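Peer 1: I have a structure here, written as structure tokens, and I will follow up with some questions on it.
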Amino acid sequence: MKKGMIKATGPMERVVHWCVALSCLLLCITGMGMMYHSLNFIGTLVGGMGNLKLVHNFGGIFFAVSLVCTILMWWKEAGVFSFPEDAEWIKAAGGYLWHVDKVPEVGKYNPGQKMFFLAVALFGAGMVVSGFIMWFPLGFAVKLVRLMYVLHALGFVVIFAFFFVHLYLVTIGAPGSAPAMFTGWVSRAWVKKQHPKWLKEMEKDGTLVVYGDEKSSCKRC
Amino acid sequence: MKQELVKLIDLSRCTACRGCQVACKQWNELPGSKTYNFGSYQNPPDLQWNTWTLIRFQEHEGRGGTLKWLFRKDGCMHCTDAGCIKVCPTEALYHTEFGSVSLHVDKCIGCKECIAACPFGVPKYDETANKIYKCDLCYTRLKGNQPPACVLSCPTGTLQIGAKDAMLKKADQRVKELGGDASVYGDKFVDGTHVIYVLTEKAEVYDNLPEDPKIPLSITLWKDVLKPAGLLAAGGVVAGAFLHYITKGPKTPDEEATSEGGNEI
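Just so you know, the protein sequences line up as chains A and B, in that order. Under my numbering, think of the first position of the first sequence as 1, with each following residue one higher. Under my numbering, think of the first position of the second sequence as 222, with each following residue one higher.
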């Protein structure tokens, strides 16, 4: 690890992130195997469409638990917008889409990340509820079951599209972001660019953990 | 398509002998279920995974207070625009060359989606086998140029099977003969069913018979709108991300900051 790197996430955050991410991905793949006939071959990989449904159903339980942890862990930081700075950021689209002279400085999470979090939390919860009812449809009124099919498909449209936005930004769209979810350490330059207000806050509060810095040598990391 | 067949059920001739119900069980080797007397000759009370056709008994008070005993042979209508086929994730349900709706039992994974999609409440779930079952219009018999077991057993001529046009013509003729509230049921919705009724009363009179059956709007929204939208939205995002990368470019940490923070990107 290079000296001067900044600690962005703790181990629990990373574990929860990958639990929800991998289970979500598993559910997208297995779900698509059932939704699109041309992808039925995905079922063959696990020994047939019946097994694919089992993987999807029980994977859903793992996703549900991970989602609860995700929401509990990040709701305070990423689930609540702070005005007026977040509104200004949204008006400027974070400087991502067109030229903006000065992008409003953002804290730990920018409104785009908050929207992604809320979409996952909201539609994820919708997927869990509708998925459960789809698992045991005979126990519910048929009109409700039909609505759940619609909700489940709508949730997929939103989450699957958001997944690609997320994937783009953490790989080539905003280089330097990915390490936050692997090692937990990011460069100071990256924090300065992406979350300048957060950097200032941490410096002010004395919560900034810098790698190799004796004063803040961290016992928790 | 080899030849579109239609099974005609002329309810004006039905005596509720239930020969068809027994013949269906026999040919398809369906076990019986223990039932109870709920005050009607109708038995079992509803279609089951092992009862693919059923005579419904209904006491109906007609005009002027006259009591009528209505019999209706219930079962799969074999829709052209079939909700069950639309939703089946494994293509277990399919159209045969006769236009009927058949089932590859081995492909069924027991997801029960067809149960919610059918406007007639036909597919029934067997918990033990984790499969759904329903009438397949005796597909193997049709392939052997034989009439379905129910048609073969019918002693009154209520049940007939033949080319679609001929059967529709027959139905129209019969309705004209009967007059009154008699009507043809089945040719005007879900792009035409392959089971057609000659009803002696208005359709709304019959129990469990939808007046204007169609695939539920939610099912259409799910399979015809959201299903393609899932791929379109994701494809749009991927294309958009690529465009963003080559026009606006990535958001990279500023150069001058690198020396300070050990950034190598």
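Just so you know, even glycine gets a beta-carbon here, dropped at the ideal spot from N, CA and C. Fair warning: this is a prediction, and the values are worked out from it, not measured in the lab.
Could you tell me which residues DSSP puts in a beta bridge with residue 272 of chain B?
Peer 2: DSSP output for residue 272 of chain B lists B:269 as bridge partner(s).
Peer 1: Which partner residues of residue 414 of chain B appear in the DSSP bridge assignment?
Peer 2: Paired residues: B:300.
Peer 1: Taking Cβ positions only, does residue 396 of chain B come closer than 7 Å to chain A?
Peer 2: Chain A contact via Cβ: absent.
Peer 1: Just verifying my parser: in three-state terms, what is the DSSP assignment at residue 227 of chain B?
Peer 2: Strand at residue 227 of chain B.
Peer 1: Report yes if the CB atom of residue 442 of chain B is closer than 7 Å to the CB atom of residue 150 of chain A, and no otherwise.
Peer 2: Against a cut-off of 7 Å, the Cβ pair of residue 150 of chain A and residue 442 of chain B comes out as a contact.
Peer 1: Please classify residue 380 of chain B: does DSSP put it in a helix, a strand, or coil?
Peer 2: Looking at residue 380 of chain B - three-state DSSP - the assignment turns out to be strand.
Peer 1: What's the gap between the Cα of residue 30 of chain A and the Cα of residue 289 of chain B?
Peer 2: The alpha-carbon atoms of residue 30 of chain A and residue 289 of chain B are separated by roughly 53 Å.
Peer 1: Going along the chain, which unbroken runs of the alpha helix (DSSP H) with 4 or more residues stay wholly within the stretch 46 to 80 of chain A?
Peer 2: List check, alpha helix (DSSP H) in window: 49 to 78.
Peer 1: Tell me which residues of the stretch 426 to 459 of chain B have at least one Cβ-Cβ distance to chain A shorter than 7 Å, keeping chain order.
Peer 2: Listed by position, the residues of the stretch 426 to 459 of chain B near chain A (Cβ gap below 7 Å) are 437, 439, 440, 442, 443, 447, 448, 450, 451, 454, 455, 458, 459.
Peer 1: Any contact between the stretch 320 to 333 of chain B and the stretch 347 to 359 of chain B? By contact I mean 3 or more CB pairs, one from each, below 8 Å.
Peer 2: The answer is yes - the stretch 347 to 359 of chain B touches the stretch 320 to 333 of chain B, with three or more Cβ pairs under 8 Å.
Peer 1: Below 8 Å on the Cβ atoms is my contact criterion, and I expect residue 226 of chain B with residue 385 of chain B to pass it. Report the Cβ-Cβ distance as a whole number of Å.
Peer 2: Yes, they are in contact, since the Cβ atoms of residue 226 of chain B and residue 385 of chain B sit about 7 Å apart, within 8 Å.
Peer 1: Is the stretch 330 to 345 of chain B touching the stretch 308 to 318 of chain B, taking contact as three or more C-beta pairs under 8 Å?
Peer 2: Verdict: yes, contact present.
Peer 1: Is DSSP giving residue 325 of chain B helix, strand or coil here?
Peer 2: Of the three classes helix, strand and coil, the one that applies to residue 325 of chain B here is coil, per DSSP.
Peer 1: Check each candidate in B:421, B:263, B:438, B:460 and name the one with the smallest Cα separation from residue 278 of chain B.
Peer 2: Nearest C-alpha to residue 278 of chain B: B:263.
Peer 1: For residue 350 of chain B, decide whether its Cβ has a neighbour in chain A, counting only Cβ atoms nearer than 7 Å.
Peer 2: For residue 350 of chain B, the answer is no, since every Cβ of chain A falls outside 7 Å of its Cβ.
Peer 1: Is there contact here, the stretch 73 to 90 of chain A with the stretch 133 to 144 of chain A, by at least three beta-carbon pairs under 8 Å?
Peer 2: No, the stretch 73 to 90 of chain A does not touch the stretch 133 to 144 of chain A.
Peer 1: Quick check: residue 209 of chain A and residue 7 of chain A, are their CB atoms within less than 7 Å of each other?
Peer 2: Yes, the Cβ-Cβ distance between residue 209 of chain A and residue 7 of chain A is below 7 Å.
Peer 1: With 16 as the cutoff for other CB atoms within 10 Å, does residue 123 of chain A come out buried or exposed?
Peer 2: Buried is the call here.
Peer 1: What does the Cβ neighbour count give for residue 217 of chain A, buried or exposed, with the cut at 16 atoms within 10 Å?
Peer 2: Confidence at residue 217 of chain A is low in this model, with a pLDDT of 49, below 50, so its placement is unreliable and no value can be given for it.
Peer 1: Quick check on residue 169 of chain A: buried or exposed, where buried means 16 or more other Cβ atoms within 10 Å of its Cβ?
Peer 2: Residue 169 of chain A is buried by the Cβ-count criterion.
Peer 1: On the CB-based measure, 16 or more other CB atoms within 10 Å of its CB, does residue 423 of chain B come out buried or exposed?
Peer 2: It counts as exposed.
Peer 1: Would DSSP call residue 291 of chain B helix, strand or coil?
Peer 2: Strand, per DSSP.
Peer 1: For the alpha helix (DSSP H) that residue 458 of chain B lies in, which residues bound it at each end?
Peer 2: Per DSSP, residue 458 of chain B belongs to the alpha helix (DSSP H) from 448 to 468.
Peer 1: Here's the rule I'm using: 16 or more other beta-carbon atoms within 10 Å means buried, otherwise exposed. How should residue 334 of chain B be labelled?
Peer 2: Flag for residue 334 of chain B reads buried.
Peer 1: Which residue marks the beginning of the alpha helix (DSSP H) containing residue 143 of chain A, and which one marks its end?
Peer 2: Unbroken alpha helix (DSSP H) run through residue 143 of chain A: 142 to 168.
Peer 1: Output, in sequence order along the chain, the residues in the stretch 42 to 69 of chain A whose CB is closer than 7 Å to any CB in chain B.
Peer 2: Within the stretch 42 to 69 of chain A, the residues whose Cβ lies closer than 7 Å to some Cβ of chain B are 49, 50, 53, listed in chain order.
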